Each structure stands twice: as C-alpha cells, then as structure tokens.
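Please read the structure below before turning to the comments.
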Amino acid sequence: MRKLLVGVVDSVKAKSIQFIITTSFTLVTVLVVLFVGVMLYSKFTETAEQNAYLNTQQILEQVKYNLDSYLNGTTQIFELVDDKIRRSQSISSEKLNEQLEAIVETRKDIVSIAVFSRKGELLMGTPARAMRKNSKLTDQSWFQSAIDDPNNLSFSLPHIQNLFKGEYTWVVSMSRGITVKGPSGDVQAVLLVDVNFKEIDDLCQRVGLGKKGYVYIIDLVGNIVYHPQQQLIYVGLKNENRSLPLKYSYGSYVDDSGKEKRLITIKTVDQLGWKIIGVSYMDDIATTKSEISRFLIWLLIVVSIIVLFVLSYISAKISRPIKMLERSMERVEQGDFTVNEPIRGSHEVEQLSLRFHLMVAKVRELMSQIIREQEAKRKSELEVLQAQIHPHFLYNTLNSVVRMVGIGKNEDVITTITSLSKLFRISLSRGKSVITVQEELEHVRHYLIIQKMRYKQKFAYWIEAQEEVLSCRTPKLLLQPIVENAIYHGIEHMADPGEIHVSASLCDGKVLLQVRDNGLGMSPDVRERVLAGTYKSEGGSGVGIRNVHERIRLSFGDEYGLEIESELEVGTVVNVWIPCRRDDEGQEG
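Residue numbering for the sequence shown follows this note's numbering, beginning at 217 and increasing consecutively.
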C-alpha cells in the first residue's frame, strides 16, 4: 500500500501540469453545473411563467415582423403599380398592360389590379375579366376610403371579391385615389389592388403556442381580421373577449374569465393598427418539478464524468509538448536560430511547432536575403552613378561636335550641345535617383537627338505618352540603356533606315514603358541570356539591360521588371513594368 501511494505521489509530481489542468477544470465544471442546477431547480417554478410570457411575446413579435414585412412588400407592389400607371401615356396602352401583367405573374398573391372612375366605371383591369352585375362597387368600404381620403393608402378587412366573374377569392383590398391619363385628358380615379388573404392566413396558421394556443387578429374597432376558428365565430359557437385587447396596444395579462386560465399577449401592427393577439393556456406552460429534478441530476452526473475523462486526456497531451516548445523559444530568444527539433503532441501543438520552425527558418533566410539585397543595391547604385557620365558616349558626342563645327553646321552643333547639357542635367538630377516619367522621357529624347546627329539619317524615332502617366515616379536611367542597345545592336548594322518607338502608358494599374525597334532582333537564346546577365557584347550601355531589370526588382518586387519580345530580322520590343506612384514612395537610396 505504501509503495502504491509513493507511486501515485511521484506520478502526480511528474505530471503536475496535467494534474492541475484536470483537477481545476473538473472541479470548476462540476461546481458550475451543480450551482446552475440548484438555481434552475429552485427558481424554475416562479420563472417558468415569466419565460412563457417572453417566449409568447417573441413569437408574436416574429408574427408581427413577418406581417409587417408582407404588408410592406404589398405596399411596395402597390406603389410600383401606381408609378407605372402614372407614368403611362395612356391608361389603355398595350405597354402598361404588359407591365401590369408581368407584376401579377411575379407575385402569385396578387388577385387583380384595376382602375375605376369615381362613378364606378372600370377603366382598366389586369387580368382582363368581365365585371359582375350588381356588384355595388361604389358602396364598398375600400372605394369609399379612396374617395374620402384619396392621398392615403387604405387596407380593407378580408372579404370575398365579388367584382369580377370567376373564382370567389378571399382578399384584402388596397385602394387609393389616382390621376390617370384618358383619351380626353386627366381623369380622377381609384386604383385597386386585391391581395389573396391566404398569405396572411398562412403566416398566422404556422404559429403554435403550446398544445392548444393560437393567434388571432382584430382591427382598430374590434372586427376580427383573422381567427383560426373564424367559422365558429361567425355562427356564434365561439366567442372571444375583445374588450381588453381593444384597451391595450402591447403587453400581456392573464385572463381567468373562462373555464381555463389563459395568457393573453398583444402586439400591434404599426402600419395598419391591427392587433395580433396570442392566446396561451397556462396548463401548457410549466413543466413538472419531478421531470426537471431528474433531468438536472442526470445532467450533473454525465457532465462530470465526461469532463473528467476529456480533461485527463487533453492535459496529458498538452503539458509535455508545451514545455518542449517553450525551451525551443527560449533558445531563439537568446539568439540561437539553429533550433530544428520536431515536437510530438496534439495536432495543434505539432502545427504550432511546425509553424515555429518554419518561422525560424524564414527569419534565417530573410536575414541572409537582406544582406545580399543590400549588397546588390549598393553595387547597383554605384554602377548607376558611374554610368551617369559615360566617357565613351561623351567622347563620341564631342567628336561629332568637332566634325560639325569643321563643316560649318552651327545649328546642329547648338542642338547637340543643348541636348547634351540637358541630358547630363537630368542624369544628375541633384543627386536624386527617382524622377518623373516625363523627365525620363525627356532624358531619352535628348539622348536620341544626339545619337541621330551622330548617325545622320540612320534611324527615326517617336516618343508618345499618356497624359496621366507623366507625373508617375520612376528610377532614372531606365530607358537610355535599352535605347542604346536598340541602336548599337539592332539598327547600326542595318542596310535600311531604322525606327525606334518609345511610349509610356497605364496598363492594369501599372506603368508600362515600352521601347520598340525594327532592327536585327535577337534569338530566344540571346534574349534569355540578356535578362539573365550572361550575354557579353562589345559596346552598349555601361549599366546594361540586366542592371535595369535588377534595379526595378530590388526596388519594387519580382512582379515588376523587364520583358523582352524579339524576332530575328523583325525587331525587338522591351516592356518595362513599374508601379504607378506619384510621390517619393519606393525611392531608391
């Protein structure tokens, strides 16, 4: 016995986290369930009636909401019909008749739509049906309401429609005065829309209040709009005490005037003033004490057993892996990023361990990547600064100027020197590495002017740009290396004059700078090597196509950069993609 006790103590000490989790959660759960059970048992009898009141009110509130929604929908249909008729050029137009027929077809609860003159004459009706004789239309309540108050939409009590030949349908009539366009001018008329009462009947019949409870509806003066036993009411076999519901708009009270004690709950439909009355029988509300006590006892026993077993299992799975993960995190906190020990445990802990190790590996990779990118960026910036004054290009340009001076082409000399000065001014840009697209295009334009002077009629060029792209920001010296490459490798060795097209536009939210030439082109292998930086050639830009591509990707990400399309003896198209930015965001250096 002593050995068993020592073993139990050692086991508890070895799994202290498991013991704490199991005992504390089990104890708290049992105490909460026990407390709630006792409170429910002691308070149920006195709160059951209040809960029944609330439940009945909620059910009636839902009925009220559904009825309000349905009435609002029918009101909107009425307003739509009213609008169609008012907008129509003629009450008898074929287009109006088609529109009203479409409305009737989409709403199956609409029995008929009709417009009557103030004398009771039918001006139009949908669907088209003949009127019954002796219908006494002008004596009906909906007609009188529209005449007496033409601006107010009125709802009638449920009644059998007896205006048109055909089925006798229980309907609720909506009516209002309207002005229509007749053959001889505007006519004061009455618009009638009959809605099938079955929709309201279905809304109320689906409601149940206990085993014997029900819902009925009365209007402002106590007339019954709906009752599930309406036929018995009409023949006098059943009577409802409507005096108290007429006094109140909302609330609940107990009616003990009859043989059985009943709970009466009242809600009022705001739009029409109809009152929804719920009748619940008190002997259906409360549940017996013996049923509640047995339920609570079994609930306490089952919950306690389940919680004990579940928490014992979970705590054993959680405690050990969490400690191992904690030690791994402490090593990372101390700067050791070589942690890579897999931790076994519950699925959540294993996933957390996996994500933690992936995060540590990603941190290591990002640290190395940052170092490489910073070194590459510094090299790129150095190459850009070195390329801003290209000695070979400057020498060729000045040599061309000397030749033009020698043959007396002073205007060409002025043009060349002016373009050269502006070229260097934009290249320097007061030390800035980011300029506008307009400045970049201006830079390449001056470069092309100088090269055109040098190569005479060797090529022609065009520069086009959308207005909205000119103010976007771009790293400088993107286009000059590409244009230089087009001249030296695409056009210089051609027998015929070449063409260079430079354009700037917005495409899918990005800035597209494009250089197109009709030069010698290049093979797919050369095109891939140019972007990869493994292609070597004589002459060309000091920065190079690869450098431009890398500068863009370092600054804006891998989704931007250069795309080259080329075909031998056809030409080359270089697309330069950069983000559309109109401020200094993303500026290099």
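Yeah, the Cβ is synthetic: ideal placement off N, Cα and C, and Gly gets one too. Model, not experiment: these values are computed from the prediction.
Exercise. Within the same chain, show all residues whose beta-carbon is closer than 7 Å to that of Lys-477, passing over the 5 residues directly before and after it, in chain order.
Key: Position 261 of the sequence shown holds residue 477. Contacts found: Val-470 and Met-498.
Practice problem: Closer than 6 Å by C-beta to Gln-602: which residues in its own chain qualify, once you throw out the five before and the five after it? Chain order, please. | Solution: Translated into the one-based positions of the sequence shown, residue 602 becomes position 386. Low confidence applies to Gln-602: its pLDDT is 49, below 50, so where it sits in the model is not reliable enough to give any reading.
Exercise. Name the residue from Ser-721, Val-548, Asp-325 and Ile-586 whose alpha carbon lies nearest to the alpha carbon of Ser-771.
Key: Here the question's residue 771 lines up with position 555 in the sequence shown. Answer by Cα proximity: Ile-586.
Practice problem: To the nearest angstrom, report how far apart Lys-397 and Arg-302 are at their CA atoms. | Solution: For the purposes of this step, residue 397 is taken as the residue at position 181 of the sequence shown. For the purposes of this step, residue 302 is taken as the residue at position 86 of the sequence shown. Taking the straight line from one Cα to the other gives about 8 Å.
Quiz item: In this structure, does DSSP put Lys-593 in helix, strand or coil?
Solution: By 1-based counting over the sequence shown, the position of residue 593 is 377. If DSSP states are grouped into helix, strand and coil, Lys-593 belongs with the helices.
Quiz item: By how many angstroms is the C-alpha of Ala-720 removed from the C-alpha of Ser-616?
Solution: To locate residue 616, count along the sequence shown from 1; it is residue 400. To locate residue 720, count along the sequence shown from 1; it is residue 504. Rounded to the nearest angstrom, the two C-alpha atoms are 30 Å apart.
Quiz item: According to the neighbour-count rule (16 or more other Cβ atoms, all chains shown, within 10 Å of its Cβ), is Gly-382 buried or exposed?
Solution: Taking the sequence shown and counting its residues from 1, the one referred to as residue 382 is at position 166. Exposed, by the Cβ-count rule.
Quiz item: To the nearest angstrom, how far is it from the Cα of Ile-319 to the Cα of Leu-425?
Solution: As a position in the sequence shown, residue 319 is number 103, starting the count at 1. As a position in the sequence shown, residue 425 is number 209, starting the count at 1. Distance between the alpha carbons of Ile-319 and Leu-425: 36 Å.
Quiz item: Who does Cys-420 pair with in a DSSP beta bridge?
Solution: Taking the sequence shown and counting its residues from 1, one reaches residue 420 at position 204. The partner list for Cys-420 (beta bridge, DSSP) is empty, contrary to what the question assumes.
Practice problem: Sort Leu-657, Gln-654, Gln-590 and Arg-661 by Cα distance to Thr-634 and report the nearest one. | Solution: As a working note, residue 634 is residue 418 in the sequence shown. Out of Leu-657, Gln-654, Gln-590 and Arg-661, Arg-661 has the C-alpha closest to the C-alpha of Thr-634.
Practice problem: Can you give me the start and stop residues for the alpha helix (DSSP H) that Trp-807 sits inside? | Solution: It is not possible to answer for residue 807, since the shown part of the chain is limited to 217 through 805.
Quiz item: So, are the CB atoms of Met-710 and Ser-782 less than 8 Å apart?
Solution: By 1-based counting over the sequence shown, the position of residue 710 is 494. By 1-based counting over the sequence shown, the position of residue 782 is 566. No.
Quiz item: Quick one: is Leu-221 buried, meaning 16 or more other Cβ sit within 10 Å of its Cβ, or exposed?
Solution: Translated into positions along the sequence shown, residue 221 becomes position 5. With a pLDDT of 48 at Leu-221, under the threshold of 50, the modelled position of this residue cannot be trusted, and the question is left open.
Practice problem: Could you pull out every residue in the same chain whose Cβ sits closer than 6 Å to the Cβ of Gln-377, ignoring the five residues on either side in sequence? | Solution: Numbered from its first residue, the sequence shown carries residue 377 at position 161. Contacts found: Thr-385, Val-387 and Asp-410.
Quiz item: Are Leu-369 and Thr-291 closer than 8 Å when you measure CB to CB?
Solution: Position 153 of the sequence shown, counted from the start, is the residue given in the question as residue 369. Position 75 of the sequence shown, counted from the start, is the residue given in the question as residue 291. Yes, they are a contact pair.
Self-check item: Pairwise C-alpha distance: Ile-768 and Glu-655
Solution: Locating residue 655 in the sequence shown gives position 439, counting from the first residue. Locating residue 768 in the sequence shown gives position 552, counting from the first residue. Cα to Cα, the separation comes out at about 17 Å.
Quiz item: What residue does the alpha helix (DSSP H) around Asn-791 start on, and which one ends it?
Solution: Stepping through the sequence shown from its first residue, residue 791 is reached at position 575. No alpha helix (DSSP H) contains Asn-791, which is instead part of the beta strand (DSSP E) from 787-795.
Self-check item: Straight-line Cα distance separating Cys-688 from Trp-793
Solution: Within the sequence shown, residue 793 is the residue found at index 577, counting from 1. Within the sequence shown, residue 688 is the residue found at index 472, counting from 1. The straight-line gap from Cα to Cα measures roughly 12 Å.
Quiz item: At what residue ranges does the stretch 428-515 contain a whole run of the alpha helix (DSSP H), taking only runs of 4 or more?
Solution: 446-451 and 459-463
Quiz item: Exposed or buried, what is Tyr-529 when buried is set at 16 or more other beta-carbons lying within 10 Å of its beta-carbon?
Solution: In the sequence shown, counting from the first residue as 1, residue 529 sits at position 313. Exposed.
Quiz item: What do you reckon, are the CB atoms on Lys-668 and Ile-707 nearer than 8 Å?
Solution: Counted from its first residue, the sequence shown places residue 668 at position 452. Counted from its first residue, the sequence shown places residue 707 at position 491. Contact: no.
Quiz prompt | Beta carbon of Leu-339 nearer than 8 Å to that of Val-331 | solution = Walking along the sequence shown from the start, residue 339 turns up at place 123. Walking along the sequence shown from the start, residue 331 turns up at place 115. Closer than 8 Å, so yes.
Exercise. Starting from Ser-637, trace the beta strand (DSSP E) both ways and give me its first and last residue.
Key: Here the question's residue 637 lines up with position 421 in the sequence shown. Taken as a continuous stretch (DSSP letters only), Ser-637 belongs to no beta strand (DSSP E), being part of the alpha helix (DSSP H) at 626-644.
Quiz item: From Ile-508, Lys-280, Gly-551 and Leu-695, pick the residue whose C-alpha is nearest to that of Phe-260; which is it?
Solution: In the sequence shown, the residue the question calls residue 260 occupies position 44. Closest by alpha carbon: Ile-508.
Quiz item: With DSSP run on the structure shown, which of helix, strand or coil describes Ile-236?
Solution: Your numbering for residue 236 matches position 20 in the sequence shown. Reduced to three states, the DSSP call for Ile-236 is helix.
Quiz item: Under the DSSP definition of a beta bridge, which residues are partnered with Met-347?
Solution: To locate residue 347, count along the sequence shown from 1; it is residue 131. For Met-347, which the question treats as bridged, DSSP gives the partners Phe-380.
Quiz item: Taking three-plus beta-carbon pairs below 8 Å as touching, is the stretch 271-284 in contact with the stretch 512-526?
Solution: no
Quiz item: What are the boundary residues of the beta strand (DSSP E) that Phe-332 is part of?
Solution: Within the sequence shown, the letter at position 116 stands for residue 332. Per DSSP, Phe-332 belongs to the beta strand (DSSP E) from 326-333.
Quiz item: Going straight from the alpha carbon of Gly-760 to that of Pro-713, what length do you get?
Solution: Taking the first residue of the sequence shown as 1, we reach residue 760 at position 544. Taking the first residue of the sequence shown as 1, we reach residue 713 at position 497. Rounded to whole angstroms, Gly-760 to Pro-713 spans 24 Å at the Cα level.
Self-check item: First and last residue of the uninterrupted beta strand (DSSP E) at Asp-733
Solution: Working through the sequence shown from its first residue, we reach residue 733 at position 517. 726-733 is the extent of the beta strand (DSSP E) around Asp-733.
Quiz item: Can you list, in chain order, the residues of its chain whose CB lies under 7 Å from that of Asp-417, leaving out five sequence neighbours each side?
Solution: Residue mapping note: residue 417 aligns to position 201 of the sequence shown, counting from 1. These residues qualify, in order along the chain: Tyr-442.
Quiz item: Thinking just about the alpha-carbon of each residue, which of Cys-723, Lys-692 and Arg-732 is nearest to the one in Val-699?
Solution: Here the question's residue 699 lines up with position 483 in the sequence shown. For the residues Cys-723, Lys-692 and Arg-732, the minimum Cα distance to Val-699 belongs to Arg-732.
Quiz item: Near Asp-552, what residues of its chain come up, given a Cβ to Cβ distance below 6 Å and the 5 sequence neighbours on each side ignored?
Solution: One-based indexing of the sequence shown puts residue 552 at position 336. For Asp-552, where only same-chain residues beyond five positions count, there are no Cβ hits under 6 Å.
Quiz item: Would you call the CB atoms of Gly-735 and Ala-681 closer than 8 Å?
Solution: To locate residue 735, count along the sequence shown from 1; it is residue 519. To locate residue 681, count along the sequence shown from 1; it is residue 465. Cβ distance not < 8 Å, so Gly-735 and Ala-681 don't count as in contact.
Quiz prompt | Contacting residues, own chain, Cβ-Cβ under 6 Å from Tyr-677 (five flanking each side not counted) | solution = Start at 1 with the first residue of the sequence shown, and residue 677 comes out as number 461. Cβ within range, chain order: Leu-664 and Ile-716.
Quiz item: Cα-Cα, which of Leu-512, Lys-625, Gln-487 and Gly-773 is closest to Leu-250?
Solution: Residue mapping note: residue 250 aligns to position 34 of the sequence shown, counting from 1. It is Leu-512.
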